[in-house]
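Data first, discussion second: the structure below is written as structure tokens.
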Amino acid sequence: MASFADLPDSVMLEIFSYLLVRERIRISRVCHRWKRLVDDQWLWRHVDLTIYTMRPKVMWHLLRRYMASRLHSLRMGGYLLSGSQAPRLSPSLMRALGDKCPNLKRLCLHVADLTMVPITSLPCTLRTLELHSCEISMAWLLKEQDPTVLPLLECIVLDRVPAFRDEHLQGLTRFRALRSLVLGGTYRVTETGLDVALQEMSYLQRLEVLGCTLSADSTLLAISRHLRDIRKIRLTVRGLSAPGLEVLEGMPTLESLCLLGPLVTPEMPSPEEILSSCLTMPKLRVLELQGLGWEGQEAERILCKGLPHCMVIVRACPKESMDWWM
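Numbering-wise, the sequence shown is residues 1 to 326 according to UniProt numbering.
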């Protein structure tokens, strides 16, 4: 019978890739072969450190010892926990990350204090930047900053970033490669601020507005005015009415529309009204309705029958998304 040691390196690396970072380092002490495999850069293409609160010394060690040119995505966090004495991320660490990992494309920061980290210190190779429950300074993302910062940025996710406001949103217009924008719980952004910013972001192809104070009607109106090439829209139905949905009629490139509840009001469009609007969208291929209480009911049958060319998804809201409406 073949033993574990008989497995080829490629299979061993695939197994090791499912281990947490701490376990990877521990198993490197088992034998010379396992140490060689743990040192393989292929194993360090995607690194998730969000379950740890890293001391600077440990983070620098990981960067110098394991992270290199093959690193593609990195998730970090745990620096802003209540009552925690955990250290803050530093500009020098961010700059070193960019120097050591020239192929880093995605950086996800969770509960991190970035007030002392200028955006200019982030790796210039990033295509996706995600900020989840992070603190940023007022100087972040302002329009007057160096236009050469993050020249390749295509997607930015701002999830419960309390300081983010209209000025920051308008500052995103300098990222000319930006195609995907996600705003989640950014309660300081106003309807006027969104409309002004979208005027200069006609190149956006995906927009998600979730759990904000913005009404769905005003968001859709701004989209219809300025984002004629939009392909994907995802938003909560707060303040959505049938006339508000009608502004999307005839959108030429819209491929996916997702409406999220559960704040359903009497003004909420009926299934028939949603169907009528969707039939005017020539490229619509996905209609997703979550948390509206329509799953398994007559509404689902009406939409599925009326949109045979679309993938119609009607389901309850997933638990991980419920905090958008709390």
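By construction, the Cβ of each residue, glycine as well, lies at the ideal position given by its N, Cα and C atoms.
- In terms of Cβ geometry, T125 and L93 do not form a close pair [threshold 8 Å].
- Put simply, the region 129-141 does not touch the region 96-104. Fewer than three CB pairs are less than 8 Å apart.
- Beta-carbon to beta-carbon, R228 and S256 are separated by about 16 Å, too far to satisfy the 8 Å threshold.
- The three-state secondary structure of G306, taken from DSSP, is helix.
- In the three-state scheme derived from DSSP, where H, G and I count as helix and E and B as strand, H72 is classed as coil.
- Collapsing the DSSP output to three states places M251 in coil.
- Under the rule that a run must span 4 or more residues, the alpha helix (DSSP H) segments found entirely inside the region 135-200 read 166-171 and 191-199.
- When secondary structure is reduced to three states using DSSP, I230 falls in the coil class, being assigned neither helix nor strand.
- Rounded to whole angstroms, the gap between the alpha carbons of H110 and S10 is 32 Å.
- Put simply, of V247, G306 and P252 the residue whose alpha carbon is nearest the alpha carbon of P271 is G306.
- If you compare the alpha carbons of R75, G293 and M116 with that of V47, the shortest gap goes to R75.
- If you draw a 10 Å sphere on the C-beta of C134, you find 16 or more other C-beta atoms in it, and that means buried.
- By the Cβ criterion, the region 21-28 is not in contact with the region 54-61, since fewer than three pairs of Cβ atoms, one from each stretch, lie closer than 8 Å.
- The three-state secondary structure of S270, taken from DSSP, is coil.
- The Cβ atoms of L71 and W44 lie closer than 8 Å to each other.
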